[in-house]
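In my numbering, the protein residues as written are 94 to 449. Virtual Cβ for every residue (Gly too), placed ideally from N, Cα, C.
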Ligand code: KG4
Ligand code: ZN
């Protein structure tokens with residue numbers, strides 16, 4: 094059974110063919126980093142236009158790589174939300190057109206559910222329920238209890254910025270490129286994570302909720318107090334000359350105290366994520382923890398999660414499946430296909446779609 098997955102919720106246009114929910118036959122992704130890099134974040138109008146340009150070649154690439162013909166497909170799965178409305182519409186309209194022309198069933202998938210299913214390729218049958226899912230990306234920071242059959246209960250979520258958004262905003266403030274997570278992650282290893290003590294967020298009400306806006310403001314105050322204009326201007330100049338610098342170029346323009354600041358910021362984000370994951374895992378007697386979404390690529394988070402006091406096995410998707418991709422959309426569609434849960438052509442883009 095072949096499912097073509099399509100993902101276009103933010104700044105990646107992606108298509109993939111997955112057989113039987115588990116075998117990846119192709120994984121094509123076109124990222125828009127060069128388009129948005131100089132703005133320090135995604136510009137929605139530019140994103141939709143780039144999706145329009147990329148969608149046909151990316152779907153063709155996925156079908157060719159998989160050596161798949163339209164007649165081989167059993168269904169087309171597409172992200173219906175959450176995400177940017179204009180971006181979602183491109184993928185949804187394309188998927189509907191294929192289904193209409195080829196008389197195929199259409200399956201709408203929640204993007205966050207896709208991120209959780211990305212772990213299926215690593216965990217396989219070892220994923221025991223109830224599972225705790227920590228979804229950490231540029232748009233989301235959520236904790237879900239996942240019961241057998243993939244039924245979800247929201248345990249906590251960010252009240253302001255997502256963790257990836259905090260990375261992107263701090264990177265922009267310090268003069269680095271978008272997306273900020275990969276750059277700061279690579280620079281953090283050269284700094285002292287205990288050099289700057291940032292306060293942890295205290296949540297009134299639900300203690301499993303997150304907040305990252307205070308940390309972002311604390312970094313801003315630190316920058317304002319430490320006379321960093323010249324080094325930030327030097328990095329901005331590099332970025333104007335080259336929209337995608339290598340990490341060693343950034344390293345040359347980053348003094349030790351800034352490396353320490355970055356390491357301390359990263360340490361605080363990881364503590365915020367893992368203290369709540371530990372508490373939630375205990376609360377629900379989790380038998381597995383899934384960490385997914387773009388921030389799950391973070392090397393510091395990966396090693397800290399494996400060392401943390403989490404009373405169950407921890408699973409991360411491979412980095413290529415942690416950031417946005419269409420393999421995870423096809424994988425999440427597979428159980429829906431088996432249950433006959435199809436969408437009809439009235440399916441709309443839902444920018445604020447929730448999972449639970
Ligand atoms: O899942 P994703 O590709 O898109 C969304 O659904 O948002 O996640 C992108 C986010 C960006 O904010 C990016 O800075 C962050 O994931 N990210 C990272 C790393 N790689 C990507 N954050 C921290 N460390 C990384 N290595
Ligand atoms: Zn995502």
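Whole-angstrom C-beta distance between residue j and residue i, which should lie under 8 Å
i           : j           : result
residue 266 : residue 343 : That pair is no contact at about 14 Å.
residue 352 : residue 174 : With 8 Å as the limit, residue 352 and residue 174 do not qualify as a contact, their Cβ atoms being about 38 Å apart.
residue 184 : residue 124 : That belief does not hold up - the Cβ atoms of residue 184 and residue 124 are roughly 15 Å apart, past 8 Å.
residue 420 : residue 120 : 5 Å
residue 408 : residue 215 : 6 Å
residue 271 : residue 449 : Not confirmed; about 30 Å, so no contact.
residue 240 : residue 222 : 6 Å
residue 340 : residue 276 : 7 Å
residue 377 : residue 258 : Wrong, their Cβ atoms sit about 26 Å apart, outside the cutoff.
residue 129 : residue 122 : About 15 Å; that fails the 8 Å criterion.
residue 301 : residue 249 : 3 Å
residue 428 : residue 305 : About 32 Å; that fails the 8 Å criterion.
Cβ-Cβ distance between residue i and residue j below 8 Å
i           : j           : result
residue 382 : residue 227 : yes
residue 318 : residue 225 : no
residue 356 : residue 285 : yes
residue 375 : residue 294 : no
residue 110 : residue 330 : no
residue 247 : residue 370 : no
residue 201 : residue 440 : yes
residue 368 : residue 387 : no
residue 170 : residue 426 : yes
residue 181 : residue 435 : no
residue 311 : residue 287 : no
residue 166 : residue 197 : yes
residue 207 : residue 172 : yes
residue 61  : residue 162 : This structure gives no information on residue 61, because the portion of the chain shown stretches from 94 to 449.
residue 504 : residue 346 : A query on residue 504 cannot be resolved here, the shown segment of the chain reaching from 94 to 449 and no further.
residue 278 : residue 359 : yes
residue 289 : residue 315 : yes
residue 255 : residue 233 : yes
residue 336 : residue 104 : no
residue 187 : residue 152 : yes
beta-carbon residue i near ligand 3 non-hydrogen atom, thresh 7 Å
i           : result
residue 260 : As presented, the structure is devoid of ligand 3, carrying ligand 1 and ligand 2 as its sole ligands.
Bridge-paired residues (DSSP) for residue i
i           : result
residue 201 : 171
residue 47  : One cannot answer for residue 47 here, as it falls past the ends of the chain, which runs 94 to 449.
residue 407 : 382
residue 277 : In DSSP, residue 277 forms no bridge with anything.
residue 100 : 107
residue 436 : 199
residue 260 : DSSP output for residue 260 lists no bridge partner at all.
residue 303 : 251
residue 360 : None; residue 360 has no bridge partner.
residue 95  : 112 and 166
Residue-level contact to chain C via CB, residue i, 8 Å cutoff
i           : result
residue 108 : Chain labels in this structure do not include chain C; a single protein chain is all it has.
| task | Any chance you could list the alpha helix (DSSP H) runs of at least 4 consecutive residues sitting entirely within the region 110 to 192, in chain order? | result | 126 to 129 and 137 to 158
| task | Measuring from each Cβ to the nearest heavy atom of ligand 2, keep the ones under 6 Å and list them in chain order. | result | 204, 208, 230, 386 and 417
| query | What are the complete alpha helix (DSSP H) segments, minimum 4 residues, inside the region 283 to 328? | reply | 306 to 318
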